[in-house]
Amino acid sequence: MTTPSEDPRQNPPQQPPQGPPPISREADAAWRAVAYLITGPFTFGGIGWLLDRWAGTGVLLPLGIVGGMALSLYLIWFRYGTH
């Protein structure tokens, strides 16, 4: 018969943590900035493309891409450049 301190069910062995290592705050901020730079022109370019198709013009797609990039850069500057 084993005592409670010797019982392996009472004191399970410690396992090392599983999964990927934690990401630093700087790396997280950098990947978030990259996501802003990709999604801004893509989203506003898509809106410009849809408006171009609806209006029958050809100027709103480039304006959407440039405007999306400008808004993305402003968002990155506002969020990460002020501290």
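The sequence shown begins at 141 in our numbering and counts up one residue at a time.
Think of the CB as a built atom: it goes at the ideal place given N, C-alpha and C, for glycine as much as any other residue.
Check                                                                            : Outcome
Per-residue DSSP class, three states only, for Ile163                            : coil
Thr183 versus Ala170, Ser212, Ile163, residue with shortest Cα-Cα distance       : Ser212
Endpoints, the alpha helix (DSSP H) within which Val206 is located               : 200 to 220
Proximity of Trp189 and Gly204 at Cβ, strictly below 9 angstroms                 : yes
Buried or exposed (CB count within 10 angstroms, at least 16 for buried), Pro162 : exposed
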